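Residue numbers (full-length UniProt numbering): 1 to 181.
Backbone N, C-alpha and C fix where the C-beta goes; we use that ideal spot for every residue, glycine too.
Only a predicted model underlies this, so the values are computations on that prediction, with no experimental measurement involved.
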């Protein structure tokens, strides 16, 4: 720390957004959450820009506090992780159990990252479940016109429903928070 920075540490008043122990922090945008108020907000004489969404700890937050944009982003990231492993899914040397294990560790973890904090609706859970089911059907090489309903698909791949998985993750998260307090 150089002498100029020491002056900031010992200064009793530092304007918000002016100083950080790691790097300068410039606050220039705001997201209005569940409010009808449209008045301008200024900080140190500078107007702050209103934004419709922002990313916080990997989750996309919108004006209603919803998770739709975040879910779409997570499904996109899950799809990218799935496609990167195309050679694994097409391999005839690997058993279905190994492929499903790889799917759970490399695709579902990306897809379900942060779900503990999402505002989930039936529509959101259905979108996630449809993506997972689609991947599992491809891993099992079940193509149209062959079909399989969800419960036997989950039994064959040792899966639980997305709704139940998110519920379990939430309870684990709550338990971790309780332990840390």
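Whole-angstrom C-beta distance between residue j and residue i, which should lie under 8 Å
i           : j           : result
residue 108 : residue 142 : Actually they are not in contact, since the Cβ atoms of residue 108 and residue 142 sit about 18 Å apart, beyond 8 Å.
residue 169 : residue 112 : 7 Å
residue 120 : residue 149 : Actually they are not in contact, since the Cβ atoms of residue 120 and residue 149 sit about 23 Å apart, beyond 8 Å.
residue 153 : residue 96  : Actually they do not touch by this definition, with Cβ atoms about 12 Å apart.
residue 124 : residue 68  : 7 Å
residue 81  : residue 106 : 6 Å
Residue range of the unbroken alpha helix (DSSP H) whose run includes residue i
i           : result
residue 145 : Neither: residue 145 is in no alpha helix (DSSP H) and is coded neither H nor E.
residue 159 : That residue, residue 159, is in no alpha helix (DSSP H); it is neither H nor E in DSSP.
residue 134 : 122–139
residue 101 : 96–103
residue 86  : 86–90
Residue i - partner residues in DSSP beta bridges
i          : result
residue 47 : 42
residue 68 : None, per the DSSP bridge assignment.
residue 55 : 60
residue 29 : 49
Sequence-distant residues of its chain with Cβ nearer than 7 Å to residue i (five each side left out)
i           : result
residue 28  : 48 and 49
residue 138 : 89
residue 102 : 85 and 88
residue 127 : 71 and 75
Residue environment, residue i, which counts as buried when at least 16 other CB atoms sit within 10 Å
i           : result
residue 84  : exposed
residue 162 : buried
residue 144 : exposed
residue 41  : exposed
Cβ-based neighbour list, residue i, same chain, cut-off 6 Å, excluding 5 preceding and 5 following
i           : result
residue 158 : none
residue 197 : This structure cannot settle anything about residue 197, because the visible part of the chain is limited to 1 through 181.
residue 146 : none
residue 129 : 162
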